[in-house]
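Mapped onto this note's numbering, the consecutive letters of the sequence shown carry residue numbers 13 to 215.
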Amino acid sequence: DSDGCQDVLEDLDDDNDLIPDALDFCTTGILEWESNLETDYDADGCNDGMEDFDDDSDGVEDRLDLCIRGKKSWISDAVLDYDSDGCRDSDEDLDDDNDGVVDTLDSCQKGDLDWQSSNATDSDADGCQDLTEDLDYEPPEEGENLIDCNPYITTCDEVEDEEEQIAASDSEEGVQSLILGILAMALVPTILGGLLIAYRVRW
Numbered sequence: 013d014s015d016g017c018q019d020v021l022e023d024l025d026d027d028n029d030l031i032p033d034a035l036d037f038c039t040t041g042i043l044e045w046e047s048n049l050e051t052d053y054d055a056d057g058c059n060d061g062m063e064d065f066d067d068d069s070d071g072v073e074d075r076l077d078l079c080i081r082g083k084k085s086w087i088s089d090a091v092l093d094y095d096s097d098g099c100r101d102s103d104e105d106l107d108d109d110n111d112g113v114v115d116t117l118d119s120c121q122k123g124d125l126d127w128q129s130s131n132a133t134d135s136d137a138d139g140c141q142d143l144t145e146d147l148d149y150e151p152p153e154e155g156e157n158l159i160d161c162n163p164y165i166t167t168c169d170e171v172e173d174e175e176e177q178i179a180a181s182d183s184e185e186g187v188q189s190l191i192l193g194i195l196a197m198a199l200v201p202t203i204l205g206g207l208l209i210a211y212r213v214r215w
C-alpha cells in the first residue's frame, strides 16, 4: 500500500483496508478502499464487488447463493442447509428442500431434492413426491382426469390453459349443436311443404 511500512515486519494491514492482515483473506488485495458493511459484508478483507465470491462467508458461492447477504457466522452443510441454497434452514429458508411447498405446509420438509411440487408430481400438495415419498398417495384410476391446480405453488399456467381449452371446446360444441338444431327446425317445414306441393301437382 506504499505507506512506508515494511509489510513483513511492520505493516499490520498490507492493503490498508482497515482489516488486520491476521483476519484478512485478501491481505494484498485491491487498494484504495475501506472495509465496511456495504463494501465487505462479512468483514473478511475482500471487496465484495471485485474480490469476494462468497459475500456472507457461508461456503456457498454468490452465484449459487439464494441468500447472498444472509446470516453470518455459519457454514452451509447438509444439516444446516439441506438444499445447499445458501439460506440457513432454521431462520432464513422457508422451503428447506426447495420443492416449491413452504415448510409450514410441507409434510416432507427435508424430503427428496431436485424436484418441484406440481399437480403431476404431488397431487395432494403436501410437499411429498407421490412416487417416492408420499405414503398415502393413490394413483388415479384409468380414465380419471386430474386437472386441479396445486394451490401452494405458482406453476399453474399449464393447468389453467388446459382448463380453458376444455371449456372453449365444450362451448364450441354447444354452439355447433344449437346451430344444427335451428337449421333442422327451419328445414323440416320447408321440406314437408315441398313434398305436399309435389303430391298435389301429381294428383
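The beta-carbon is built from N, C-alpha and C at its ideal position, and this holds for glycine as well. Fair warning: this is a prediction, and the values are worked out from it, not measured in the lab.
For the set TRP127, VAL72, GLY57, the Cα lying nearest the Cα of ALA34 is the one of GLY57. Judged by beta-carbon spacing, ASN59 lies within the 8 Å limit of ILE42, meaning their Cβ atoms are closer than that value. Under the three-state reduction of DSSP, SER96 is assigned to coil, being neither helix nor strand. Around the CB of ASP109, 16 or more other CB atoms lie within 10 Å, so the residue is classed as buried. Fully contained in the region 116-151 is no alpha helix (DSSP H) run of length 4 or more.
Distance between LEU117 and ARG81, taken at the CA atoms: about 26 Å. Within the model, the alpha-carbon separation for TYR149 versus TRP127 is close to 17 Å.
With a threshold of 16 other beta carbon atoms within 10 Å, GLY112 meets it and is buried.
Excluding sequence positions up to five before and after TYR53, its CB lies within less than 7 Å of the CB of ASP60, ASP67, ASP68, ARG81, all in the same chain and listed in chain order.
Listed in chain order, the non-local C-beta contacts of VAL114 below 6 Å within the same chain comprise LEU106, ASP107, local neighbours out to five positions each way being set aside. Distance from LEU92 to ASP103 at the Cβ level is roughly 10 Å; contact not present, criterion being Cβ atoms closer than 8 Å. Judged by DSSP in its simplified three-state form, LEU30 adopts coil rather than helix or strand. If the five residues before and after LYS83 are omitted, its C-beta is found closer than 8 Å to the C-beta atoms of ASP68, ASP70, ARG100, ASP103, GLU104, all from its own chain and listed in chain order. When the Cα atoms are used, SER130 and LEU78 turn out to be separated by approximately 22 Å.
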